[in-house]
Each structure stands twice: as C-alpha cells, then as structure tokens.
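**Student:** One structure, as structure tokens, below. Some questions next.
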Amino acid sequence: MVFYWIKVMDNKRISFFLTLKIFLVTSISLIGIIYLQESTIKSYKQTLTQNNYLVQEKQEGSQLKLINTLPTLGFQNILADWLYLKFIQYFGDSNARETIGYSLSPQYFTQIANRDPRFVDALLKLDTATSLFAGYPDLSVSLLGKSINAITQNFKSPGTAPYYLPIYKGVDELLFLGNPKAAADSNRQASAWAKNYKDSESQSVAINTRQTANFLTQNPGSKIPQIGAWVLVLSNASDPRTVKRAIAEIKVLGGQITTKPDGNLAITVPPEVK
C-alpha cells in the first residue's frame, strides 16, 4: 500500500488540512469495510464477469426503487438501518465496485437520509461514498443540508457528533464544488454546534472549524484547497489512470511530489503557492 503525505509550509494553512484529515478518516473506515467484506465473498466474486455484476446491479436498483414506494407504517428508522446494512454489503463488494463503479450509492444515500436524517454515522459514510467514489458531491451537499436542517444543534447523537455533518458538507463544497464561501459558512455552523459540547475534542473542533472558515473567507481563490482535493483523490485511487490524473493536477497547481526511500509519496505545498 502506498501512503501519501502532505507537508504544509505555512502554519496558517494547518486548520484547513485538519478538516481534510477528518474527511480522510471516513474514507479509511470505508476501506476497512471493504476488507471485512472481501474476506467472505472473494472466492465467489472471482467467478463473476462484468455482465454478471451489471445484472446484479440492475436487480438491486430495481429493489431500491420498489422499497422507495413501500409504506413504512411508522418504522422509518428500522428501514433506514436495514438499507444501511445493504449499502455496507454493496460498498464492500470491492470486485464489483472496481468493475462497474458505485452508481447505486446515491440511491442508498437518498433513501436513508430521507427516512432517518438523524442517522449521523451512516450519513457521513454515505457522503464519502457518494461524493468521492460515485462522483455526486452536489447530491451529497443537498442531502447533508436537509439532514442539518432536520437536526437541532443540541441534538445528542448516540454515535458521531452531529457537528460533523456541516464539516463534511463544507469539505464537499470546497473540494468538489469549488464554493469556498459555502464551505466557510458550513465550517462556521460546525463551530457553533461543537461549542455546545464540553469535551476536549469538540472544543478543539470548534476552534479548528472557525479557523478554517476564516482562512476560506480570507483566501477564497487559494490553490491550496484544490491541491488538497487532488491529494484526496490520489489517496483513494484504485486505478493507474486516476493516479496519473491526480499527480498531473497537483503539479499543475504548484504542488511538489517526491518519492521517499520507503516508496511513499510526499506532496509538498511550497510557500509561494497561494
């Protein structure tokens, strides 16, 4: 496995990369899901062809459309839980995803978000799958926005704190939609929510997101966030074409890439890059 490291030459840029790091954590957790799933289905999936995968995906897509029309009879949360388990199995089938992609991720995200907008842990993972892997950051931003509007800032999630919802929304707006103003607003909202929690992690998040918002407001045209976006793509690339494209874009933006003695890549943002 190749790891990618970012060296930041200016301390005022650190807070932005802390937000980027949060996004990467979810990507890593999804990769962990892939490995868990892969150990149980690998021998079976090796016998399937691209056509087999396409047939399976068409059937699964039809099932999702049918489920979306069924009455829930007051069991929205339970159905959302069940759909999330199905999504984990879908996303974890690495052979299928590498062969035909992630086209059903947006459907899973839409149904789960509509049925249980307070399902924070699921929504964060679905956001990563939909914006980064499936390539629909606009849909991710829309669904996260609806979820944020359905939750009060004092809501106590049993898992991940809800202030991560506007953080992830801001990452999508900044890295994939090129809207630093919206990203700054999302980070300010995250900071306001995080202040309501007294633990040290939440207080640290409140400070970091406020600093990120200030950085984006003062530097809306900075190339640094764009470099960060391509580093994210590079870190999750599964094919040589994506790797080649990401490296080329980083270099065009002024980032420097070197290979370390251990084989890892180091991405440096020099001080002249603004």
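According to the UniProt record's numbering, the sequence shown is numbered sequentially starting from 1. By construction, the Cβ of each residue, glycine as well, lies at the ideal position given by its N, Cα and C atoms.
Quick check on the DSSP output: the beta strand (DSSP E) that includes Thr268 runs from which residue to which?
**Tutor:** Residue mapping note: residue 268 aligns to position 268 of the sequence shown, counting from 1. Counting along the chain, the beta strand (DSSP E) containing Thr268 begins and ends at 265-269.
**Student:** Is Ile151 helix, strand or coil when you go by DSSP?
**Tutor:** To locate residue 151, count along the sequence shown from 1; it is residue 151. Three-state DSSP puts Ile151 in coil, outside helix and strand.
**Student:** Where does the unbroken alpha helix (DSSP H) through Thr49 begin, and where does it stop?
**Tutor:** For the purposes of this step, residue 49 is taken as residue 49 along the sequence shown, with counting starting at 1. Per DSSP, Thr49 belongs to no alpha helix (DSSP H) and is neither H nor E.
**Student:** Buried or exposed: which applies to Glu201, given that a residue is buried once 16 or more other Cβ atoms fall within 10 Å of its Cβ?
**Tutor:** On the sequence shown, residue 201 is found 201 positions in, with the first residue counted as 1. By the 10 Å Cβ count, Glu201 comes out exposed.
**Student:** So, are the CB atoms of Ile112 and Tyr84 less than 8 Å apart?
**Tutor:** Stepping through the sequence shown from its first residue, residue 112 is reached at position 112. Stepping through the sequence shown from its first residue, residue 84 is reached at position 84. Cβ atoms of Ile112 and Tyr84: closer than 8 Å.
**Student:** Ile250 to Thr69, Cα distance in whole Å?
**Tutor:** Here residue 250 corresponds to residue number 250 of the sequence shown, with the count starting at 1. Here residue 69 corresponds to residue number 69 of the sequence shown, with the count starting at 1. C-alpha separation (whole angstroms): 44 Å.
**Student:** Tell me whether the beta-carbon of Leu143 lies closer than 8 Å to the beta-carbon of Thr110.
**Tutor:** The residue you call residue 143 lines up with position 143 of the sequence shown. The residue you call residue 110 lines up with position 110 of the sequence shown. It is a contact, given that the beta carbons lie within the stated cut-off.
**Student:** Return the residue from the list Ile67, Arg97, Asp81, Pro71 that minimises the CA-CA distance to Gln50.
**Tutor:** By one-based count along the sequence shown, residue 50 stands at place 50. Nearest option by C-alpha distance: Arg97.
**Student:** I'd like the list of long-range same chain contacts for Phe87, defined as Cβ closer than 6 Å, with 5 residues on each side in sequence excluded.
**Tutor:** The count along the sequence shown starts at 1 and reaches residue 87 at position 87. Within the same chain, Phe87 has close Cβ partners Tyr108.
**Student:** Which residues mark the beginning and the end of the alpha helix (DSSP H) in which Thr110 is found?
**Tutor:** Stepping through the sequence shown from its first residue, residue 110 is reached at position 110. First-last of the alpha helix (DSSP H) with Thr110: 105-115.
**Student:** Could you compute how far the alpha carbon of Gln56 sits from the alpha carbon of Lys125?
**Tutor:** Along the sequence shown, one-based indexing puts residue 56 at 56. Along the sequence shown, one-based indexing puts residue 125 at 125. Whole-angstrom Cα-Cα distance: 23 Å.
**Student:** To the nearest angstrom, report how far apart Asp199 and Pro117 are at their CA atoms.
**Tutor:** Here residue 199 is taken as the residue at index 199 of the sequence shown, counted from 1. Here residue 117 is taken as the residue at index 117 of the sequence shown, counted from 1. So the two alpha carbons sit approximately 24 Å from each other.
**Student:** Less than 8 Å between the beta carbons of Gly145 and Lys169, yes or no?
**Tutor:** Locating residue 145 in the sequence shown gives position 145, counting from the first residue. Locating residue 169 in the sequence shown gives position 169, counting from the first residue. Yes, they are a contact pair.
**Student:** Cβ of Ala129 within 8 Å of Cβ of Tyr102?
**Tutor:** By 1-based counting over the sequence shown, the position of residue 129 is 129. By 1-based counting over the sequence shown, the position of residue 102 is 102. Taking 8 Å as the Cβ cut-off, Ala129 and Tyr102 qualify as a contacting pair.
**Student:** Look at the alpha carbon of Leu246 and the alpha carbon of Pro166, and state the distance between them as a whole number of angstroms.
**Tutor:** The sequence position of residue 246 within the sequence shown is 246, counting from 1. The sequence position of residue 166 within the sequence shown is 166, counting from 1. According to the sequence as given, residue 246 is Ala; it is not Leu. As the crow flies, the alpha-carbon of Ala246 is around 26 Å from that of Pro166.
**Student:** Between Trp193 and the rest of its own chain, which residues show a CB-CB distance below 6 Å, the 5 nearest in sequence each way excluded?
**Tutor:** The count along the sequence shown starts at 1 and reaches residue 193 at position 193. Only Gln153, Tyr163 meet the Cβ criterion.
**Student:** Ignore the nearest five residues each way along the sequence and tell me which others in Thr40's own chain have a CB closer than 8 Å to its CB.
**Tutor:** The count along the sequence shown starts at 1 and reaches residue 40 at position 40. Confidence at Thr40 is low in this model, with a pLDDT of 49, below 50, so the placement of that residue should be treated as unreliable; the coordinate-derived value is given next. The answer is none, since no qualifying residue turns up.
**Student:** Taking Cβ to Cβ, would you say Arg115 is nearer than 8 Å to Gln76?
**Tutor:** The residue labelled residue 115 in the question sits at position 115 within the sequence shown. The residue labelled residue 76 in the question sits at position 76 within the sequence shown. Closer than 8 Å, so yes.
**Student:** Kindly indicate which residue of Leu216, Gln211, Thr209 has the alpha-carbon position closest to the one of Gly178.
**Tutor:** Position 178 of the sequence shown, counted from the first residue, corresponds to residue 178. The option with the nearest alpha carbon to Gly178 is Leu216.
**Student:** What residue range does the alpha helix (DSSP H) around Thr99 cover?
**Tutor:** Walking along the sequence shown from the start, residue 99 turns up at place 99. Start and end: 94-100.
**Student:** Whole angstroms are fine: how far does the CA of Leu73 sit from the CA of Ser222?
**Tutor:** To locate residue 222, count along the sequence shown from 1; it is residue 222. To locate residue 73, count along the sequence shown from 1; it is residue 73. Their backbone Cα atoms lie some 50 Å apart in a straight line.
**Student:** Could you spell out the range, first to last residue, of the beta strand (DSSP E) harbouring Thr259?
**Tutor:** The residue given as residue 259 occupies position 259 in the sequence shown. Looking at the DSSP string, the run of the beta strand (DSSP E) that includes Thr259 is 256-259.
**Student:** Compare the C-alpha of Thr212 against each of Ala248, Lys244, Ser186, Phe119 and name the closest.
**Tutor:** Locating residue 212 in the sequence shown gives position 212, where the first residue counts as 1. Among Ala248, Lys244, Ser186, Phe119, the Cα nearest to that of Thr212 belongs to Ser186.
**Student:** Grouping DSSP H, G and I as helix and E and B as strand, with all else coil, what is Tyr164?
**Tutor:** Numbered from its first residue, the sequence shown carries residue 164 at position 164. Note: Tyr164 maps to helix in three-state DSSP.
**Student:** Starting from Lys125 and walking both ways along the alpha helix (DSSP H), at which residues does that stretch end?
**Tutor:** Residue numbering aside, residue 125 sits at position 125 when the sequence shown is read from its first letter. Lys125 -> alpha helix (DSSP H) spans 120-128.
**Student:** Leaving aside the five residues before and after Pro137 along the sequence, list all residues of the same chain whose C-beta is less than 7 Å from its C-beta, in chain order.
**Tutor:** As a working mapping, residue 137 is identified with position 137 in the sequence shown. Excluding sequence neighbours, Pro137 sits near Ser131, Asp172, Phe176, Leu177.
**Student:** Flag this pair as yes or no: are the beta carbons of Ile227 and Val269 separated by less than 8 Å?
**Tutor:** For the purposes of this step, residue 227 is taken as residue 227 along the sequence shown, with counting starting at 1. For the purposes of this step, residue 269 is taken as residue 269 along the sequence shown, with counting starting at 1. It is a contact, given that the beta carbons lie within the stated cut-off.
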